[in-house]
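The block underneath contains the structure these notes are about, expressed in structure tokens.
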Amino acid sequence: MKRVVALRRLKASHLQRLREHFEVTYFEEPERQPEAVAVALRQAHGLIGGKLQVTSAMLDEAPGLEAIATISVGYDNLPVDELSRRGILLTNTPDVLTETTADTGFMLIMASSRRLVELANMVREGRWTQHVGEPQFGHDVHGKTLGMVGLGRIGRAIARRALGFNMRVLYSNASSKPELEAEWGLEHRTFEQLLAESDFVCLTVPLTEQTEHLIGYEQCRAMKRSAFLINIARGRVVDEAGLIRALNDGLIAGAGLDVFEREPLQDSPLLRMDNVVTLPHIGSATHETREAMANCAVENICQALQGERPRDLVNPQARPSGFSEQQQEQSVDAK
Ligand code: NAP
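In our numbering, the protein residues as written are 629 to 963.
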């Protein structure tokens, strides 16, 4: 029987499904037991879990590893090229989290422009002592211009919500999307044009070498002073020190952030800014969606370890032993 190491975010029902096929070792808090995890990995064929951190040294110690299933759509934390070289299949959980993450993105647009957290705290803390006046007013969302940086699954889902709010939607993306321009009336812009024209700049690109620190002080300077930055992608897409400086200098109106360069965010100037909404990386964190993500990852690891092409294969270029030429070609076609 093949062996699977499971880390975090799996419920008894998921472990039960895995145990129907594999010998499973589960660690709810792997950071507390790194040695036990390392020992389990030495014998493992599969690894499944959320927030996986995998290094070359770990892979050297896990010679039998055939597949990794991350319970996330982003895989910037995993060494994809190295996994492919070693013939280890990597799968992720796209689609099932798209709508929930888009809800979170739109929530940040609304919360930052209407000053939701700041004003809700005023009420909770007993500081609502007279009628709200101009100093507490927010800004409209409807009728404004949203600039989507990244127009993939989540970017499109946020754009769809924005159209329902009667917003104009601009986008900059690695490839242009003429069908969405024709069908939805989205407008393509260069990154620089998008920064200059948008009332909300919303980031939904993956973290890669090209997108790391895509937005910093200078990019904030290129935005409208009345604009808000929304980051639902990954913390390192934003140069946080540059953003803090830009906010301090009043270059933009505020920010709505779900992700940070270092998480959990602790003792940051961002936490003391009324015009910044900070969330604890909850893009996909609903009961329904986390359940769907875990189900998806379980299905992927079962397929990968049973010799089938996993549905959400990230690295079709990986050639595991026992994976036929034909399966390899199907994987490439599917991408
Ligand atoms: P996706 O469908 O792959 O979309 C990514 C989009 O970014 C694609 O349209 C891609 O262009 C574009 N892109 C890639 N590199 C670019 C670049 N250098 N410049 C401009 N555009 C670029 O992914 P998704 O499912 O929407 O997820 C996007 C990211 O959101 C994930 O990678 C993850 O990091 C993040 N995320 C965060 C949370 C959270 O909890 N906050 C939850 C889920 C996901 P093409 O269309 O040309 O390929």
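Each residue gets a CB set at the ideal place from its N, CA and C atoms; glycine is no exception. These numbers were taken from a predicted model, which means no experiment stands behind them.
Own chain partners of residue i with C-beta closer than 7 Å, once the 5 adjacent residues on each side are dropped
| i | result |
| --- | --- |
| residue 897 | 872 |
| residue 921 | 699, 721, 724, 725, 912 |
| residue 648 | none |
| residue 690 | 669, 670, 672 |
| residue 781 | 722, 723, 726 |
| residue 747 | 764 |
| residue 892 | 908 |
| residue 734 | 786, 789 |
| residue 928 | 697, 719, 938, 939, 940 |
| residue 868 | 888, 889 |
Distance CB(residue i)-CB(residue j) smaller than 7 Å
| i | j | result |
| --- | --- | --- |
| residue 814 | residue 797 | yes |
| residue 651 | residue 629 | yes |
| residue 717 | residue 695 | yes |
| residue 786 | residue 855 | no |
| residue 668 | residue 633 | yes |
| residue 824 | residue 790 | no |
| residue 588 | residue 946 | It is not possible to answer for residue 588, since the shown part of the chain is limited to 629 through 963. |
| residue 637 | residue 702 | no |
Closest Cα partner of residue i within the set the options
| i | options | result |
| --- | --- | --- |
| residue 821 | 886, 838, 847, 915 | 847 |
| residue 784 | 742, 684, 809, 843 | 809 |
| residue 853 | 827, 631, 880 | 880 |
| residue 930 | 712, 719, 762 | 719 |
| residue 844 | 709, 883, 637 | 883 |
| residue 794 | 908, 812, 646 | 812 |
| residue 902 | 878, 754, 732, 800 | 878 |
| residue 684 | 733, 676, 941, 712 | 712 |
| residue 938 | 646, 656, 697 | 697 |
| residue 772 | 826, 869, 900 | 826 |
| residue 801 | 818, 895, 666 | 818 |
| residue 704 | 676, 654, 833, 666 | 833 |
Cβ neighbours of residue i in the same chain (closer than 6 Å, five flanking residues each side left out)
| i | result |
| --- | --- |
| residue 682 | 706 |
| residue 728 | 912, 914, 917 |
| residue 644 | none |
| residue 692 | 673 |
| residue 642 | 922, 926 |
| residue 864 | 835, 840, 889 |
| residue 831 | 777, 859, 861, 865 |
| residue 924 | 721, 724 |
| residue 639 | none |
Assumed close pair residue i, residue j - CB separation to whole angstroms, cut-off 8 Å
| i | j | result |
| --- | --- | --- |
| residue 635 | residue 662 | With a Cβ gap of about 11 Å, residue 635 and residue 662 do not count as contacting. |
| residue 741 | residue 769 | 5 Å |
| residue 829 | residue 875 | The pair is not a contact, with the Cβ atoms about 14 Å apart (cut-off 8 Å). |
| residue 766 | residue 743 | 5 Å |
| residue 907 | residue 940 | About 26 Å separates the two Cβ atoms, so there is no contact after all. |
Other residues of its chain near residue i: CB distance less than 8 Å, five sequence neighbours each side excluded
| i | result |
| --- | --- |
| residue 745 | 739, 905 |
| residue 750 | 756, 764 |
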